[in-house]
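So the protein sequences, as listed, match chains A and B. Under numbering that gives the first Met the number 0, residues 0 to 616 are what the first sequence spells out, in order. Under numbering that gives the first Met the number 0, residues 0 to 203 are what the second sequence spells out, in order. Even for Gly, the Cβ is constructed at its ideal location relative to N, Cα and C.
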Amino acid sequence: MAINVEQEHVAEIISGNEAIARGAWEAGVKLASAYPGTPSTEILEEMAHYTGVYSEWSPNEKVAMEVAIGASMAGGRALVCMKHVGLNVAADPFFSAAYIGVKGGLVVVSADDPGMHSSQDEQDNRNFGKFARVPVIEPSDSGEAKDYMVMSYDLSEKFDTPVLFRTTTRTSHSKSIVTFGDRTETEPVTKLDRDWNKYVMMPGNAIARHVIVEQRVKALEEYADDCPFNRIEMGDPKIGIICSGSAYGYTREALPDASYLKLGMTYPLPKKMIEKFRSMVDKMYIVEELDPFIEDAIKLMGIKIDGGKELNSLLGEISPRSVAQSLDKGGVPGVNDSLLVDLMAPVEGLPNRPPTLCPGCSHRGVFVILKKLRVFVSGDIGCYTMGALEPFSAVHASTCMGASISMAHGIAKVQEAEAPKAAGARPDYRNKVVGIIGDSTFYHSGVTSLMDVAYNKGNTLTIIVDNNTTAMTGGQDNPGTGKTLLGQPSESVDLVALVKALGIKRVQTITDPFDLELVEKIIREELEADEPSVVITKYPCVLEFKVKRPIYQVDPELCIGCKHCLKAGCMALNLTIDANGDRKVEIDPAQCNGCGICAQLCKEDAINRPVAEGGNA
Amino acid sequence: MSRPTINMLLSGVGGQGVVLASFVLSHVAMAEGYDVKQSEVHGMSQRGGSVTSHFRFGDKVWAPLVSPGAADILMAFESLEALRYINWIKKGGLLVYNAQKINPSPVAAGLATYPEDIDGKIAAAWPRVQCVKANELAAKAGTVKSANVVMLGAVSPALPFAQETWEAVIRKAVPPKSVDVNMEAFRLGVATAAQPEATCATGA
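The following block contains the structure:
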């Protein structure tokens, strides 16, 4: 399904993320860096297919940002991509980059997730642009994503500023038709400037740079009034709409005949253009997703609007229908009827279909045991967050990347302060707090947390579930996998040595995380230890590495329908009623991956591998 | 003379090939000279969760999202996911669904039950229904994995695209060694649409 890369002048239907990569390539980008995160991941996966660009998965967004700042400082055009919460991680270098400016153009992509399809919050990262005094560009579809990308590099270099390129899940993951252009080769990087005043952000220099930053905002405000990112499209002059990003398409759909001020640059705003548009229409409304970002700025300009956020929700993703309903409710005439139809009531009582651990997932056994041991588990961001869902319900907190270990440490420290242990008393293993984290998330930001546990004499158990990939985002390489984004073999982190180097003395590795007895024994040992410890489960991701094992089947003669095996929370298991009306479990051979956890949970010995297929179970 | 925008919602379960089916649909529409917008959400939905994909084509398409109550066609790859989205179909619109039933994780964990007589419930809820035994037909074509292409064949007579365009795009979209199987799957889908079954309910 890959698109035909590097071909020119052909039209293709591609996603916003693919278009961003294409645009960056056409702009002559020399370096692209990122940490995977939905909905941004595909940009770098696509970028890696283009020649003439060095692309890498960095261990986290902060590192990715610094790599890109370095490339820009050296004179190469650079791209750095992340999901919205990734920019929180990368905020430190991002703010300094705003002071330093650029040599080669620098574009920072923030893919926001309104509606939280795959995220822990729905922050509106346009605020980061204003916060850091960096221009914000918002495409509405793939065509604009590609064109705006090319234009953003010119903008970046013209104004000596990083550009914040903000997409949302819809613009990143929706597809539309794009016509490809040529690559513009940029100047080769030959010598490094020693521009002390600009590149060394110590107070004396930063004070001077801040003056330049504020002057730059003024210049950008003037540019905004007459720039190719913003345009007025006159229709019926009675109604004027100001919008940007995916809200533009939704509103064109909802209100086909209105006049539009379509903003491709949402910070800083084009004041004169907005005043002009206001004078051309009778009523003026603002339609935007999440925060009233445009609205607040326009209100501060003292320009009157007839409706904004009071019509549309601050919460979640908007849609053509929600825009139509809100405008109609606000008394705006001309709303597209087909978006206002009464809906048939949804069918009630249907079971939900949440995401779940795959059959054969190497995390499953750990959660079965953690549930059994009833310990408090501080979770993290990855597939294993699903350990919080039924039937495991074995993760009791999840905050952000890397927080599992440090939060567990904080919990343990206040427990210790409240109830100091009597001298010589054996600790109750149930009081020990567990942090659970995946390999990629550990490398992202768990290392410093574990360093804290060791340094500050913590007493927690950290479980690192190492499946040798970044699974939740679709299986990207990381510093532990021994392979780079460009497919080259590379160094891989020695996880045990790293953990020990941080000061953790007790480290145990489980290479068969499907052996429940073994998993329970080792976790119990470490919970009972009176010092911080680490358990590593090491087994490849079943989805990414297409692991195949001989499958299991249920002997209906022995199955008593007790549902013990269903504690495995596995999609391959089906509870059925047989011809006699008895409850029996069946295993779907198409889904079973032979992990054997259900067989170990079965107290009737009813689940086994067929002898012909796999020998001893 | 402008052609109206056609709205199609695809629903199914992660791993059923909804993404590939959307890829084929959007490329066929583009090859036929339409403007196209298509949208799906990746990420969490991949792990056995409910998956939807929005596909729209016409002379000029602004938004990538189909709206509830405005879908000309709901193409459901699994029966429960047909019933879940049935109120997205517009009045007079068509439901084409695969008779396959896949337990959601709460059912597999014994915490919920799969609706009984779901085919009967679907038939009672919507007047224009075409049920496809896509997995059976796909197995006949050579592999059950081609059920998504059977579904494309089954929906194809409801769309204004030429047979050759469908075949050319499918040829490009599937792995080279499975072209023949997928061509057969598509033809079996087309054939089943010629004699549509309104329900797959047993005894109907």
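- One alpha carbon belongs to Ala-146(B), the other to Met-29(B), and they sit about 23 Å apart.
- When the Cα atoms are used, Pro-255(A) and Gly-333(A) turn out to be separated by approximately 8 Å.
- Beta-bridge annotation (DSSP): Thr-508(A) is paired with Ile-535(A).
- The beta-carbon of Cys-594(A) is placed no less than 9 Å from the nearest beta-carbon of chain B.
- Counting of Cβ neighbours within 10 angstroms places His-209(A) among the exposed residues, the total staying below 16.
- Gln-15(B) places its beta carbon 9 Å or farther from that of Ile-121(B).
- Here Gln-475(A) is bridged, per DSSP, to Thr-469(A).
- Taking 7 Å as the upper bound on Cβ-Cβ separation, chain A lies near residues Trp-61, Ala-62, Pro-63, Leu-64, Ser-66, Pro-67, Gly-68, Ala-69, Leu-79, Leu-82, Arg-83 of the region 61–83 of chain B.
- The DSSP-derived three-state label of Thr-178(A) is strand.
- When secondary structure is reduced to three states using DSSP, Ser-25(B) falls in the helix class.
- For Val-286(A), no chain B residue has a C-beta closer than 9 Å to its own C-beta; the minimum C-beta separation is roughly 12 Å.
- Among the CB atoms of chain B, one or more fall inside 9 Å of the CB of His-116(A).
- By the rule that beta-carbons nearer than 9 Å mark a contact, Tyr-96(B) does not touch chain A.
- For Val-95(B), the uninterrupted beta strand (DSSP E) segment begins and ends at 88–97.
- Going by DSSP, Asp-192(A) is part of no beta strand (DSSP E) at all; its letter is neither H nor E.
- Nearest Cα to Ala-81(B) within the set Tyr-33(B), Asp-118(B), Lys-176(B), Glu-196(B): Asp-118(B).
- The beta-carbon distance between Val-432(A) and Thr-459(A), rounded to whole angstroms, is 5 Å. This is short enough to meet the 8 Å contact definition.
- Contacts with chain B (Cβ-Cβ distance below 7 Å) from the region 217–250 of chain A involve Gly-248, Tyr-249, listed in chain order.
- Rounded to whole angstroms, Met-7(B) and Asp-71(B) show a C-alpha spacing of 6 Å.
- Segment contact: the region 598–605 of chain A against the region 547–563 of chain A, three or more CB-CB distances shorter than 8 Å; contact assigned.
- In this model, Arg-548(A) and Thr-265(A) are separated by some 53 Å (Cα to Cα).
- For Lys-129(A), the number of other beta carbons within 10 angstroms of its own is at least 16, and it is reported as buried.
- Under the DSSP assignment, Arg-230(A) falls outside any alpha helix (DSSP H), being part of the beta strand (DSSP E) whose first and last residues are 230–232.
- In the same chain as Thr-508(A), and ignoring 5 residues on each side of it, the C-beta atoms closer than 7 Å to its own belong to Val-495, Ile-535, Lys-537, in chain order.
- Under the three-state reduction of DSSP, Trp-125(B) is assigned to coil, being neither helix nor strand.
- Taking C-alpha positions only, Val-188(A) is separated from Gly-103(A) by approximately 9 Å.
- Secondary structure within the region 288–345 of chain A: the alpha helix (DSSP H) runs of 4 or more consecutive residues, fully enclosed, are 292–299, 319–328 (chain order).
- Listed along the chain, the chain A residues whose CB falls inside 9 Å of the CB of Ala-184(B) amount to none; the nearest CB is some 17 Å away.
- If you draw a 10 Å sphere on the C-beta of Leu-299(A), you find fewer than 16 other C-beta atoms in it, and that means exposed.
- As computed with DSSP, Val-162(A) is found in a beta bridge with Val-106(A).
- The beta carbon of Gly-16(B) sits no closer than 9 Å to any beta carbon of chain A.
- Residue environment for Asp-327(A): buried (at least 16 other C-beta atoms within 10 angstroms of its C-beta).
- Ranked by Cα distance from Glu-60(A), the first of Gly-457(A), Gly-74(A), Leu-78(A), Gly-51(A) is Leu-78(A).
- Looking at Asp-153(A), Pro-58(A), Ala-23(A), Pro-267(A), the one whose alpha-carbon comes closest to that of Asn-126(A) is Pro-267(A).
- Closest in alpha carbon position to Ala-144(A), among Thr-170(A), Val-133(A), Ile-206(A), is Thr-170(A).
- At least 9 Å separates the beta-carbon of Leu-93(B) from that of Arg-46(B).
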